[in-house]
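Report on the following structure.
Residue numbers (our numbering): 2 to 517.
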């Protein structure tokens, strides 16, 4: 590689990496915990449920309960299961009956407990698992700014990955096996950055591509809507099969009684290993009422196998059917594969754990890259003012990034002791505590102290998480295991291992010459 190309790749890699480093660290750290979002939600609520994506609900009883509370006649209802928990998501559109009271003409969204049919608003159902999940695409920043920031960060990360590979292309194999912890500081950081970067390369590439696609696809789609569909967004969504069929509301009461449980069961029997993930009811209680039952084949049988049946309720006739085995289209594959590989929901706990480890490795790659940048700019021939500025920038970076570990552990304890914490109180605990820790480390001006304090305090708090759970709920991890409450057991044991590893790391760190 000639010097010109090397310098282009080097500076592109460095600049793109430094610009996005803090945001990228937040995305990957929160994203790593997001692989266990469902487990965190259930742990927080002291609940455990069957580990399946299928909706587990007595539809008839649930709808009778909702009908008494909201009056469902003329409404469209969507029942889905966004995560593995005891609650399902329910979205009700306003009634199509124009003579109905104004209250019934308003739409509603809430979560419904599948056992006692108690409903919860989004704010009431908010949890630490949801906070971490949404933090990994910066949803706490007002829409669409947060989404676009996350999307463009992923896009710049893709540039950093490609230029990093090009930069090290000739020495990928030799550098991968090279690690010299006893050499000078820059060599230590460089070796760690290169070796760990190569280990996590496929993982990082996949998440850079899928993350950019999810967050900024609107900007990609917008020109196509304007050029190909003449601004008709609804037509595009219809062709992409994002909209359901629309049936006319006849404003006549349905004469015959209906049984949604029976329709769901009938759909499920069509195919082996088929899970019902969504039920869409149109024109509830009307003579032209239709029910769409949708689901997927288990991932080990077919990676993308989406099936659905549409029933006309008046006579129980199937009016449309999509076979998940023989009728999977190219469009289904394109829409579904990116989601499946991004969420890692097809390989069980083994894949989730490996993905978590690779996510944390990526966090270390980001930090080591920042430290390489700092060490390279602390040479004596550089003006004192610039050296101080560079050190201050990295001090802020490290304070923000490293303090995420102890504050996340503290949030687990707080969310258990004070359950249920409202969304605003969770925000105050997590983001308020994070801000206080960040300011403290910036004022302290000591990288080694920041690193060791975060590791040790995070470890101590991590060990206290299963203790807190045992005291507050009585779900000591050995009891959870014996009672088959695996999700609760997993989070407790997960934190014991994580705290143990970080504590071991903290006590085996040998601080090099301080950079401040």
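Note that the Cβ used here is the ideal one computed from N, Cα and C, for glycine as well.
Bear in mind the structure is a predicted one, so any value in this text is a computation, not a measurement.
Contact check, residue 126 vs residue 45, beta carbons under 8 Å: By one-based count along the chain shown, residue 126 stands at place 125. By one-based count along the chain shown, residue 45 stands at place 44. Their beta carbons are not under 8 Å apart, which means residue 126 does not touch residue 45 by this criterion.
Pairwise C-alpha distance: residue 66 and residue 58: Along the chain shown, read from residue 1 onward, the residue named residue 58 stands at position 57. Along the chain shown, read from residue 1 onward, the residue named residue 66 stands at position 65. Approximately 13 Å between the Cα atoms of the pair.
Exposure of residue 78, with buried meaning 16 or more beta-carbon neighbours within 10 Å: Taking the chain shown and counting its residues from 1, one reaches residue 78 at position 77. Burial call: buried.
Three-state secondary structure assigned by DSSP to residue 233: Locating residue 233 in the chain shown gives position 232, counting from the first residue. The answer is coil: DSSP assigns residue 233 none of H, G, I, E or B.
Distance CB(residue 213)-CB(residue 308) smaller than 8 Å: Start at 1 with the first residue of the chain shown, and residue 213 comes out as number 212. Start at 1 with the first residue of the chain shown, and residue 308 comes out as number 307. No.
Contacting residues, own chain, Cβ-Cβ under 8 Å from residue 143 (five flanking each side not counted): Taking the chain shown and counting its residues from 1, the one referred to as residue 143 is at position 142. None.
Residue from 442, 124, 102, 104 whose Cα sits closest to the Cα of residue 111: Taking the chain shown and counting its residues from 1, the one referred to as residue 111 is at position 110. Checked all of 442, 124, 102, 104; the closest Cα to residue 111 is 124.
Own chain partners of residue 211 with C-beta closer than 6 Å, once the 5 adjacent residues on each side are dropped: Reading the chain shown from its first residue, position 210 is the one you call residue 211. If we look at residue 211 and ignore the five residues flanking it on each side, its Cβ neighbours are 339, 343.
Burial state of residue 168, where buried means 16 or more other Cβ atoms lie within 10 Å: On the chain shown, position 167 is the one that residue 168 refers to. By the 10 Å Cβ count, residue 168 comes out buried.
Endpoints, the alpha helix (DSSP H) within which residue 349 is located: Locating residue 349 in the chain shown gives position 348, counting from the first residue. Here the alpha helix (DSSP H) through residue 349 covers 349-377.
When 239, 300, 137 are compared against residue 405, the one with the closest alpha-carbon: Within the chain shown, residue 405 is the residue found at index 404, counting from 1. Here the closest residue by C-alpha is 137.
Residue of 489, 393, 99 minimising C-alpha distance to residue 251: Indexing the chain shown from 1 puts residue 251 at position 250. Nearest C-alpha to residue 251: 99.
Given 8 Å, three or more beta-carbon pairs between the region 475-482 and the region 430-448: no
Three CB pairs or more closer than 8 Å across the region 485-493 and the region 30-49: yes
Host alpha helix (DSSP H) of residue 76 (start-end): Taking the first residue of the chain shown as 1, we reach residue 76 at position 75. Careful: residue 76 lies outside any alpha helix (DSSP H) and carries neither H nor E.
Residue(s) in a DSSP beta bridge with residue 93: Counting from one through the chain shown, the residue named residue 93 turns up at place 92. The partner list for residue 93 (beta bridge, DSSP) reads 78, 109.
Residue 277, enclosing beta strand (DSSP E) - first and last residue: Position 276 of the chain shown, counted from the first residue, corresponds to residue 277. Here the beta strand (DSSP E) through residue 277 covers 275-283.
Cutoff 8 Å: residue 455 Cβ touching any chain B Cβ: Included in the structure is just one protein chain, with no chain B present.
Among 313, 209, 270, the one whose alpha carbon lies nearest that of residue 247: To locate residue 247, count along the chain shown from 1; it is residue 246. The candidate whose alpha carbon is nearest that of residue 247 is 313.
8 Å Cβ cutoff met for residue 444 and residue 397: Taking the first residue of the chain shown as position 1, residue 444 is located at position 443. Taking the first residue of the chain shown as position 1, residue 397 is located at position 396. No, these two residues do not count as a Cβ contact at 8 Å.
Continuous beta strand (DSSP E) stretch holding residue 307: start and end: Locating residue 307 in the chain shown gives position 306, counting from the first residue. 307-313 is the extent of the beta strand (DSSP E) around residue 307.
First through last residue of the beta strand (DSSP E) which encompasses residue 1: Missing from the structure shown is residue 1; the chain here goes from 2 to 517 and no further.
Residue(s) in a DSSP beta bridge with residue 494: Walking along the chain shown from the start, residue 494 turns up at place 493. The partner list for residue 494 (beta bridge, DSSP) is empty, contrary to what the question assumes.
Nonlocal neighbours in the same chain, by C-beta distance under 6 Å from residue 81, ignoring five residues either side: Here residue 81 refers to the residue found at position 80 when the chain shown is read from its first residue. For residue 81, where only same-chain residues beyond five positions count, the Cβ hits under 6 Å are 90, 279.
Residues bridged to residue 86 (per DSSP): Taking the chain shown and counting its residues from 1, one reaches residue 86 at position 85. BP columns for residue 86 are empty, so no partner.
Residue range of the unbroken beta strand (DSSP E) whose run includes residue 319: On the chain shown, position 318 is the one that residue 319 refers to. Counting along the chain, the beta strand (DSSP E) containing residue 319 begins and ends at 318-323.
Alpha helix (DSSP H) segment containing residue 477, residue limits: As a position in the chain shown, residue 477 is number 476, starting the count at 1. Element bounds for residue 477: n/a, residue is neither H nor E.
Residue 333, enclosing alpha helix (DSSP H) - first and last residue: Working through the chain shown from its first residue, we reach residue 333 at position 332. Looking at the DSSP string, the run of the alpha helix (DSSP H) that includes residue 333 is 331-344.
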